[in-house]
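**Q** Residue numbers (the working numbering), protein chains in the order written: chain A, 1199 to 1353; chain B, 1199 to 1353; chain C, 1199 to 1353.
Each residue gets a CB set at the ideal place from its N, CA and C atoms; glycine is no exception.
Pasting a structure here, questions to come.
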């Protein structure tokens, strides 16, 4: 049997700012999301975690640095920074606009844009190994992550 | 600090119909989603944008035509229309059913199925460059996109 | 014109347990999700379907066994079990921890982690061919899938 919760509906939104030291970098943000869920006063519902930029991903996976390295190497193999075929001189069409981050737009689609996670008892309702991450593919400047909680207020 | 909103909860759903002129085509649908959010009378919450077909994607990325071209070329490289290895004669198992769109089912998983975006002040709450797109991989016929808004009604 | 629904807000959550007989296996879970939606008593809203494990995917696509086979072969080509380049001896960094499932963490990102589907009239609101699947990449033990329904209670 499942668990039913009713009460006053509310939404809560906060924009989190992150500036990575590297152009390509993965950072765990579970604690930040947990803090915002707690501050929201929402007891039960969902939380959307969405980068407000199009060259970054919010994803859930293992907080293990070897895996972070594997993910970045894998993304570079599948969506290389030097054009679709990975050869210099065969650049992305997107670079004709003066941009140099064509790969970042593809990497973010491959890893996934966003996650919506469950909230219960005023906390993230996670499996043992689920950790929320922010993956940046065009960093070294301020980026925003939108965190939006929706659900039943604490009574 | 974040922003809390309470009020009467509501949902609003509309199915949007799209028919692309090409088999493979990317189309920006931000304006359509924005219109439906406005018509919903919902002031604050979330909007789900989900293709009701399994050979298409709704995704958020740059509205830049060079990038659209890069995305399609990249998807064709990673999930080729002529079978997993890209060779004619090594077709998808799916084609034994008489279908010819095996690649489309994979491309939609690679690019991503759906997005859930935040709504605030009765509008999409987007980052500067976030645009909602529909990517079709088996078009030239009517397809439906489900747009569902959930949240607090305008008071 | 869309359809507006208002009423008492509720959430309902249930954890579904699955144990696949194979390490890599795809299983359709539409009926399970449908049952939980029905039991929730929620008439209209959204349902989140999220694996609580980081080596599995919940995704929506065709219930066609040829396609299931194509998906697994494609995932193995793009994220091989023998390291990023598919060569034995060039293992994932993640394996230095003693794990042997580096590929599973990548396959789940490629196929997609989770889906949020619409609920209407107390049922899943699906397109003709949309079926919810669970894809396991490190199975043969109990795994949990979180199913969370949010929306308007039946009046």
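Just tell me which of C/1218, C/1215, C/1249 and C/1225 has its CA closest to the CA of residue 1325 of chain A.
**A** C/1249
**Q** Report all residues from its chain with a CB closer than 7 Å to the CB of residue 1305 of chain B; omit the five preceding and five following residues, and keep chain order.
**A** 1273, 1277 and 1335
**Q** Do you know whose CA, among A/1207, A/1211 and A/1205, lies nearest residue 1315 of chain B's CA?
**A** The shortest Cα separation from residue 1315 of chain B among A/1207, A/1211 and A/1205 belongs to A/1211.
**Q** So if DSSP puts residue 1226 of chain A in a beta bridge, which residue, or which two residues, is it bridged to?
**A** In the DSSP output, where bridge partners are listed per residue, residue 1226 of chain A has A/1331.
**Q** Since residue 1262 of chain A meets chain C, which of its residues come closer than 7 Å, beta carbon to beta carbon?
**A** 1292 and 1295
**Q** Is the stretch 1343-1350 of chain C touching the stretch 1234-1241 of chain C in the sense that three or more CB pairs, one from each, lie closer than 8 Å?
**A** yes
**Q** Whole angstroms are fine: how far does the CA of residue 1309 of chain C sit from the CA of residue 1318 of chain C?
**A** 26 Å
**Q** Please name the residue, chosen from A/1321, A/1213 and A/1203, that lies closest to residue 1345 of chain A on a Cα-to-Cα basis.
**A** A/1213
**Q** Determine the DSSP secondary structure at residue 1283 of chain B, reduced to helix, strand or coil.
**A** coil
**Q** Closer than 8 Å is the cut-off here; do at least three beta carbon pairs connect the stretch 1256-1271 of chain C with the stretch 1287-1307 of chain B?
**A** yes
**Q** With distances taken between CB atoms, is the gap from residue 1268 of chain B to residue 1300 of chain A smaller than 9 Å?
**A** yes
**Q** Just the Cα atoms here: how many angstroms apart are residue 1321 of chain A and residue 1221 of chain B?
**A** 45 Å
**Q** Check each residue of the stretch 1268-1279 of chain C: if its Cβ is closer than 8 Å to any Cβ of chain B, include it; give the result in chain order.
**A** 1268, 1269, 1271, 1272, 1275 and 1276
**Q** So residue 1316 of chain B contacts chain A; which residues on that side make the cut at Cβ distance below 8 Å?
**A** 1211, 1246, 1248, 1344 and 1346
**Q** Can you name, in chain order, every residue of its own chain whose Cβ lies under 7 Å from the Cβ of residue 1144 of chain A, other than the five neighbours on each side?
**A** Any property of residue 1144 of chain A remains undetermined from this structure, which presents chain A solely from 1199 to 1353.
**Q** Within a Cβ cutoff of 7 Å, which residues of the same chain sit near residue 1313 of chain B, ignoring the five residues on either side of it in sequence?
**A** 1247, 1256, 1257, 1258 and 1330
**Q** Taking residue 1306 of chain C as part of the alpha helix (DSSP H), name the residues at either end of that continuous run.
**A** 1300-1309
**Q** Can you give me the start and stop residues for the beta strand (DSSP E) that residue 1201 of chain C sits inside?
**A** 1201-1204
**Q** Do residue 1229 of chain B and residue 1337 of chain B have their C-beta atoms within less than 9 Å of each other?
**A** no
**Q** Tell me the rounded alpha-carbon separation between residue 1199 of chain A and residue 1218 of chain B.
**A** 44 Å
**Q** Locate the beta strand (DSSP E) running through residue 1260 of chain A, then write down its first and last residues.
**A** Counted as a single uninterrupted DSSP element, the stretch harbouring residue 1260 of chain A is not any beta strand (DSSP E), since DSSP gives it neither H nor E.
**Q** I'd like the list of long-range same chain contacts for residue 1237 of chain A, defined as Cβ closer than 6 Å, with 5 residues on each side in sequence excluded.
**A** none
**Q** To the nearest angstrom, report how far apart residue 1327 of chain B and residue 1281 of chain A are at their CA atoms.
**A** Taking the straight line from one Cα to the other gives about 22 Å.
**Q** Could you name the residues of the same chain whose beta carbon sits closer than 8 Å to that of residue 1339 of chain B, not counting the 5 residues immediately before and after it, in chain order?
**A** Leaving aside the five residues that flank residue 1339 of chain B on each side, the residues in its chain whose CB is nearer than 8 Å to its CB run, in chain order, 1217.
**Q** Using only alpha-carbon positions, find the residue among B/1270, B/1288 and B/1260 that is nearest to residue 1271 of chain C.
**A** B/1288
**Q** So the candidates are A/1260, A/1298 and A/1252; which of them puts its Cα closest to the Cα of residue 1311 of chain A?
**A** In this structure, A/1252 is the residue among A/1260, A/1298 and A/1252 with its C-alpha nearest to the C-alpha of residue 1311 of chain A.
**Q** Straight-line CA distance for residue 1245 of chain B to residue 1235 of chain B?
**A** 8 Å
**Q** Measuring only between beta-carbons, confirm whether residue 1307 of chain C sits less than 9 Å from chain A.
**A** yes
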